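Chemist: In the working numbering, the protein residues as written are 639 to 830. Using N, Cα and C, we set each Cβ at its ideal position, and we do this for glycine too. Predicted model only: the values in this text are computed from it and were never measured.
Dropping the structure here:
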């Protein structure tokens with residue numbers, strides 16, 4: 639096998655880490671196990687990442703870029719605040735379904751015993767998602783799609799709690815409980 643180019647090896651490390659996180663038993667991932675799975679030495683991992691925390695940061699960056707890239711596209715394509723939310727929530731649930739390993743990062747399960755700044759970054763990501771939902775709710779209120787007196791902060795928090803709860807159910811079920819289960823019935827109740 640020809641040697642991988644530096645950018646390709648870095649991507650391979652992140653992809654392998656994400657695959658290892660898909661293990662429904664959720665064992666702690668060591669750099670030795672990661673290196674063994676890729677077929678390189680641990681030192682080779684550290685040529686691309688200064689620490690295991692940087693590897694997780696790479697996954698978090700991927701999650702952020704993917705989710706916010708798609709959410710920003712929804713916001714630019716869809717003028718209706720309700721339609722923005724109606725598209726964004728299944729996007730968040732569907733991302734988990736397609737990326738089970740990343741779901742363990744999103745709920746912080748994969749970050750236990752890792753650098754505390756990683757969990758802080760996930761918390762910040764969730765706060766940003768909630769702020770995005772809040773903004774869409776404000777748009778919906780300004781368009782008279784929902785009552786003007788709606789507490790956008792409270793409803794956005796409820797929606798984000800719902801999403802995080804579904805992510806937890808998915809991960810804790812060994813990725814068997816579909817995050818989109820009951821979505822059609824639950825969406826009207828979430829909007830109230």
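May I ask you to report which of helix, strand or coil DSSP gives residue 677?
Modeler: If DSSP states are grouped into helix, strand and coil, residue 677 belongs with coil.
Chemist: May I have the straight-line CA-CA distance separating residue 800 from residue 684, to the nearest angstrom?
Modeler: Cα-Cα distance, rounded: 38 Å.
Chemist: Quick check: residue 790 and residue 772, are their CB atoms within less than 8 Å of each other?
Modeler: Cβ atoms of residue 790 and residue 772: closer than 8 Å.
Chemist: When the Cα atoms are used, what is the spatial distance from residue 751 to residue 666?
Modeler: The alpha-carbon atoms of residue 751 and residue 666 are separated by roughly 9 Å.
Chemist: Which class does residue 717 belong to by DSSP, given the choice of helix, strand or coil?
Modeler: Reduced to three states, the DSSP call for residue 717 is coil.
Chemist: How far does the alpha helix (DSSP H) with residue 826 in it extend, from its first residue to its last?
Modeler: 821-829 is the extent of the alpha helix (DSSP H) around residue 826.
Chemist: Can you tell which of 687, 654 and 661 has the C-alpha that lies nearest to the C-alpha of residue 674?
Modeler: Minimum Cα distance to residue 674 is reached at 654.
Chemist: So what does DSSP say about residue 735, is it helix, strand or coil?
Modeler: Correct three-state label for residue 735: helix.
Chemist: Kindly give me the distance between the Cβ atoms of residue 678 and residue 719, rounded to whole angstroms, as I take these residues to be in contact under 8 Å.
Modeler: Not confirmed; about 48 Å, so no contact.
Chemist: Hey, could you find the ends of the alpha helix (DSSP H) residue 803 is sitting in?
Modeler: Residue 803 -> alpha helix (DSSP H) spans 790-810.
Chemist: For residue 738, is the classification buried or exposed, using 16 other Cβ atoms within 10 angstroms of its Cβ as the cut-off for buried?
Modeler: Classification for residue 738: buried.
Chemist: Distance check for residue 760 and residue 821, CA to CA, integer angstroms please.
Modeler: In a straight line, the C-alpha of residue 821 is about 24 Å away from that of residue 760.
Chemist: I need the straight-line Cα distance from residue 811 to residue 663, nearest angstrom please.
Modeler: Distance between the alpha carbons of residue 811 and residue 663 is about 10 Å.
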